[in-house]
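Novice: The structure follows.
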């Protein structure tokens, strides 16, 4: 097991990245604020994290223009672990760094030992996934949820299939992605350029990253079809809850 440095508190923080503009979605309202059966994705995932006693702090990162949307989305949420939102940057990489800086500055003498970075548009993260990622951090300095690729993959050019791509060893990354706090913070401070996610950033430093099993329900709402899928998912859960 990796020991935390003495200057770190024995705490786990969550960093929810919700600063995106949702250009692929085609809506004036960023996707993380669109209602899914009356409750937006950002609030849904936030409430899951706040339901877990293992979580000590939650830091959200939002776009500077979205303060009104954010305040409305979180109306009625009262939890001392939820810190004031900080603003994102021009890229996701910069937004995560801004969030890490905010967490580091919240209590400089007792920064969190671990941080879980989560996409605000993944509404249906489960407590089990969160706990599995945290368990992965006892074996490595980083761990993330993912699903193995099961579909056939093809490389294409101009819409025409060219060659199959072997799917052995390929995984579809999800969030949360967990890290020892200082490992991720140092990696971000030294990283130059864009990145697919935070795993890419710590891997650039040679950090070992553990994969834990994700959940198909933990999908990211990126397109209008995803929003419809989310509505169906909530409706299905409601039906199961009624025993039908």
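Numbering (our numbering), first residue to last: 10 to 253. Just so you know, even glycine gets a beta-carbon here, dropped at the ideal spot from N, CA and C. Predicted model only: the values in this text are computed from it and were never measured.
Below 8 angstroms, how does it come out for the stretch 173–180 and the stretch 196–216: are there three or more Cβ pairs, yes or no?
Specialist: Touching, no.
Novice: What are the uninterrupted segments assigned as beta strand (DSSP E) that are 3 or more residues long and contained completely in the stretch 88–150, given in chain order?
Specialist: For the stretch 88–150, whole beta strand (DSSP E) runs of length 3 or above, ordered along the chain, are 123–128.
Novice: Taking the alpha-carbon positions, what's the residue 219 to residue 116 distance?
Specialist: Cα-Cα distance, rounded: 28 angstroms.
Novice: Residue 49 bridges to which residues according to DSSP?
Specialist: Answer is 44, bridged to residue 49.
Novice: What residue from 46, 49, 42, 241 has the CA that sits closest to residue 72's CA?
Specialist: Residue 42 is the option with its Cα nearest to residue 72.
Novice: Please list the terminal residues of the continuous alpha helix (DSSP H) segment that includes residue 164.
Specialist: Premise fails: residue 164 lies in the beta strand (DSSP E), 162–166, not in any alpha helix (DSSP H).
Novice: Give the secondary structure of residue 77 by DSSP, where H, G and I count as helix, E and B as strand, and everything else as coil.
Specialist: Note: residue 77 maps to helix in three-state DSSP.
Novice: Let me know the secondary structure DSSP gives residue 237 once reduced to three states.
Specialist: Helix.
Novice: Whole alpha helix (DSSP H) runs in the stretch 190–241 with 4 or more residues, listed along the chain?
Specialist: You should have 190–199, 207–212.
Novice: Count the C-beta pairs between the stretch 129–149 and the stretch 74–83 that are closer than 8 angstroms, then say yes if the count reaches three, no if not.
Specialist: These segments do not touch.
Novice: Report buried or exposed for residue 82, applying the criterion of at least 16 other Cβ atoms within 10 angstroms of its Cβ.
Specialist: Residue 82 comes out buried.
Novice: Which term fits residue 87, buried or exposed, when burial requires 16 or more other beta carbons within 10 angstroms of its beta carbon?
Specialist: Looking at its Cβ environment, which holds fewer than 16 other Cβ atoms inside 10 Å, residue 87 is exposed.
Novice: Would you tell me roughly how many angstroms separate the C-alpha atoms of residue 169 and residue 163, rounded to the nearest one?
Specialist: In a straight line, the C-alpha of residue 169 is about 10 angstroms away from that of residue 163.
Novice: Does DSSP put residue 187 in a helix, in a strand, or in coil?
Specialist: In this structure, residue 187 counts as strand in the three-state DSSP scheme.
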